Amino acid sequence: MSEFAQSVREINVDAMRASRIDTLMINVGLRCNMACSHCHQSSSPARTETMSLALVEQVAEIADRIRPALIDITGGAPELQPGLRPLITLLTEAHLPTQMRTNLTALLEPEAEGLIDFLAENHVRLLASMPGSSAGEASMRGEVFAACVSALERLQDAGYTRNPELRLDVAFNPAGVSLPQRDEIEARFRVELGNDLGVCYDELVAITNMPIGRMKETLRGSGELGTYRQALRDAFNPCTVEHLACRHSLEIAWDGTFSDCDFNLAAGLRVASGVPSHVSEFDLETLTTRPVRFAEHCFACTAQAGSG
Ligand code: SF4
5 MSEFAQSVRE INVDAMRASR IDTLMINVGL RCNMACSHCH QSSSPARTET
55 MSLALVEQVA EIADRIRPAL IDITGGAPEL QPGLRPLITL LTEAHLPTQM
105 RTNLTALLEP EAEGLIDFLA ENHVRLLASM PGSSAGEASM RGEVFAACVS
155 ALERLQDAGY TRNPELRLDV AFNPAGVSLP QRDEIEARFR VELGNDLGVC
205 YDELVAITNM PIGRMKETLR GSGELGTYRQ ALRDAFNPCT VEHLACRHSL
255 EIAWDGTFSD CDFNLAAGLR VASGVPSHVS EFDLETLTTR PVRFAEHCFA
305 CTAQAGSG
């Protein structure tokens, strides 16, 4: 049993299992127009994993059977996946509330032409990743700040943040080994994005970097992997255990396999043995109460106020 699983068991043995599926996360594929150093999925333009159109239909059927409070579409950059629009169309027809994660810059790619209006028409809420609150901060992670602001402005023009049915939240991962200081980040983004640039969003989500995938390799390359893992352990907050995302969600990957969360998927961990592992074996009761596969990286979900 991992050190993290032991910590959870000492706090509440029931927390080692899922208790419901409020959120169904769907990872439609790993191709991305960027290759960020903190990406836990190691996404890049070279990744070829993709959800087939046949599987899109199966996944939408399963979403309709689960009927969670939220469908959360992720990637890669979902914008670049051929199955994205068919999937959203099916979810909308089933009246399932849907969110898409976006790095913003992918919305400006030629393949995403017309997508902003499509997302607005289907009332898809967005969780948009920002590389910083200013060009100076973002320049450490690529020249993408101006493109992100441009995409945010186009989203606002389409009704996001103005129409209550078009929610737009912003996510931020701090650079390097620092853990997110939520109050400072919240205040800075409100001033630098909101007041200075006139960019609106509904809520800021500060995300703790996961020491897996490309983030892990980045930390290893700088000799900081051990320090970062220890910082996550030191920041363990037992109060977050009840609220771990894996306990009330399920993820379906591009190949139809189930994972407890997108981080476990990236780490190569599918659901525990004995639990249906593919959409072809779907069983709601068993999946809803499955044991969760905790691992070393899970300490990123329980650091400080919790993340994930
Ligand atoms: S990484 Fe996944 S499995 Fe681990 S605690 Fe976080 S949500 Fe749960």
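Under my numbering, the first residue of the sequence shown is numbered 5, with each subsequent residue one higher.
Glycine included, every Cβ here is placed at the ideal spot set by N, Cα and C.
Since the model is a prediction, treat every value here as computed from it, not as a measurement.
> If you drop the 5 nearest sequence neighbours on each side, which residues of the same chain put their C-beta closer than 7 Å to that of residue 294?
Replying inline: The residue labelled residue 294 in the question sits at position 290 within the sequence shown. Only 21, 22, 275, 276, 279 meet the Cβ criterion.
> How far does the alpha helix (DSSP H) with residue 187 in it reach, from first residue to last?
Replying inline: Here residue 187 corresponds to residue number 183 of the sequence shown, with the count starting at 1. Residue 187 -> alpha helix (DSSP H) spans 186-193.
> How would you write the range of the alpha helix (DSSP H) that residue 218 sits in, first residue to last?
Replying inline: The residue labelled residue 218 in the question sits at position 214 within the sequence shown. Note, residue 218: alpha helix (DSSP H), 217-225.
> With distances taken between CB atoms, is the gap from residue 89 to residue 120 smaller than 8 Å?
Replying inline: Position 85 of the sequence shown, counting from 1, holds the residue named residue 89. Position 116 of the sequence shown, counting from 1, holds the residue named residue 120. At least 8 Å separates the beta-carbon of residue 89 from that of residue 120.
> Could you give the residue range of the beta strand (DSSP E) that holds residue 77?
Replying inline: Looking up residue 77 in the sequence shown gives position 73. First-last of the beta strand (DSSP E) with residue 77: 74-78.
>> Going by beta-carbon coordinates alone, are residue 128 and residue 109 separated by less than 8 Å?
In response: Translated into positions along the sequence shown, residue 128 becomes position 124. Translated into positions along the sequence shown, residue 109 becomes position 105. The answer is no: Cβ separation not under 8 Å.
> Going along the chain, which residues of its own chain have a beta-carbon closer than 7 Å to the beta-carbon of residue 232, five neighbours each way excluded?
Replying inline: Taking the first residue of the sequence shown as position 1, residue 232 is located at position 228. Counting only Cβ-Cβ distances below 7 Å, and skipping sequence neighbours, we find 181, 215, 223.
> Hey, is the region 27-39 in contact with the region 296-310, meaning 3+ C-beta pairs nearer than 8 Å?
Replying inline: Judged by Cβ distances under 8 Å, the region 27-39 makes no contact with the region 296-310, as fewer than three pairs qualify.
>> As an exercise, report each continuous beta strand (DSSP E) stretch of at least 3 residues that is fully enclosed by the region 39-65, in chain order.
In response: none
>> The beta strand (DSSP E) that contains residue 173, what's its start and end?
In response: Residue mapping note: residue 173 aligns to position 169 of the sequence shown, counting from 1. Counting along the chain, the beta strand (DSSP E) containing residue 173 begins and ends at 172-176.
>> I need the DSSP call for residue 20, collapsed to helix, strand or coil.
In response: As a position in the sequence shown, residue 20 is number 16, starting the count at 1. Looking at residue 20 - three-state DSSP - the assignment turns out to be helix.
>> Given the structure, does residue 262 come close to the ligand SF4, in the sense that its CB is under 7 Å from one of the ligand's heavy atoms?
In response: Within the sequence shown, numbered from 1, the residue matching residue 262 stands at position 258. Answer for residue 262: no, Cβ out of range of the ligand SF4.
>> Please report the straight-line C-alpha distance between residue 166 and residue 160, rounded to a whole angstrom.
In response: To locate residue 166, count along the sequence shown from 1; it is residue 162. To locate residue 160, count along the sequence shown from 1; it is residue 156. Roughly 7 Å separates the two Cα atoms.
> What are the start and end residues of each continuous beta strand (DSSP E) run of 3 or more residues lying completely inside the region 222-289, in chain order?
Replying inline: 253-256
>> Please return the same chain residues whose Cβ sits closer than 8 Å to the Cβ of residue 57, not counting the five positions on each side in sequence.
In response: As a working note, residue 57 is residue 53 in the sequence shown. Cβ neighbours of residue 57 beyond the five flanking positions: 86, 87, 90.
>> Using a Cβ-Cβ cutoff of less than 7 Å, which residues in the same chain neighbour residue 17 once the five nearest sequence positions on both sides are dropped?
In response: Position 13 of the sequence shown, counting from 1, holds the residue named residue 17. None.
> How long is the line joining the alpha carbons of residue 60 and residue 54, rounded to whole angstroms?
Replying inline: Sequence index remark: in the sequence shown, residue 60 carries index 56 (1-based). Sequence index remark: in the sequence shown, residue 54 carries index 50 (1-based). Going by the C-alpha atoms only, they are around 10 Å apart.
> Looking at the structure shown, is residue 153 part of a helix, part of a strand, or coil, going by DSSP?
Replying inline: As a first step, residue 153 must be located in the sequence shown, where it is residue number 149. Looking at residue 153 - three-state DSSP - the assignment turns out to be helix.
>> Suppose the cutoff is 8 Å on Cβ atoms and the five residues either side in sequence are ignored; what does the same chain contact list for residue 241 look like?
In response: By 1-based counting over the sequence shown, the position of residue 241 is 237. Excluding positions up to five away in sequence, the list reads 306, 307, 308, 309, 310.
> Alpha carbon to alpha carbon, how far is residue 270 from residue 221?
Replying inline: Working through the sequence shown from its first residue, we reach residue 270 at position 266. Working through the sequence shown from its first residue, we reach residue 221 at position 217. Between residue 270 and residue 221, the C-alpha separation is close to 13 Å.
> Where DSSP assigns a beta bridge to residue 133, which residues make up the other side?
Replying inline: The sequence position of residue 133 within the sequence shown is 129, counting from 1. In the DSSP output, where bridge partners are listed per residue, residue 133 has 175.
> Beta-carbon separation of residue 259 and residue 250 under 8 Å?
Replying inline: Sequence index remark: in the sequence shown, residue 259 carries index 255 (1-based). Sequence index remark: in the sequence shown, residue 250 carries index 246 (1-based). No; because the gap between Cβ atoms is not below 8 Å, this pair is not in contact.
>> Could you check whether the Cβ of residue 131 sits closer than 7 Å to any heavy atom belonging to the ligand SF4?
In response: For this step, residue 131 is matched to residue 127 along the sequence shown. Result no, Cβ not under 7 Å from the ligand SF4.
>> Are there any heavy atoms of the ligand SF4 lying less than 7 Å away from the beta-carbon of residue 296, as far as the coordinates show?
In response: The sequence position of residue 296 within the sequence shown is 292, counting from 1. Yes, the ligand SF4 has a heavy atom inside 7 Å of this Cβ.
> Any idea what DSSP makes of residue 140, helix, strand or coil?
Replying inline: Reading the sequence shown from its first residue, position 136 is the one you call residue 140. Secondary structure at residue 140: helix, using DSSP grouped into helix, strand and coil.
>> For residue 191 and residue 126, what's the separation of their Cα atoms in angstroms?
In response: Locating residue 191 in the sequence shown gives position 187, where the first residue counts as 1. Locating residue 126 in the sequence shown gives position 122, where the first residue counts as 1. Their backbone Cα atoms lie some 31 Å apart in a straight line.
> Is residue 308 helix, strand or coil by DSSP?
Replying inline: Translated into the one-based positions of the sequence shown, residue 308 becomes position 304. Coil at residue 308, not helix or strand.
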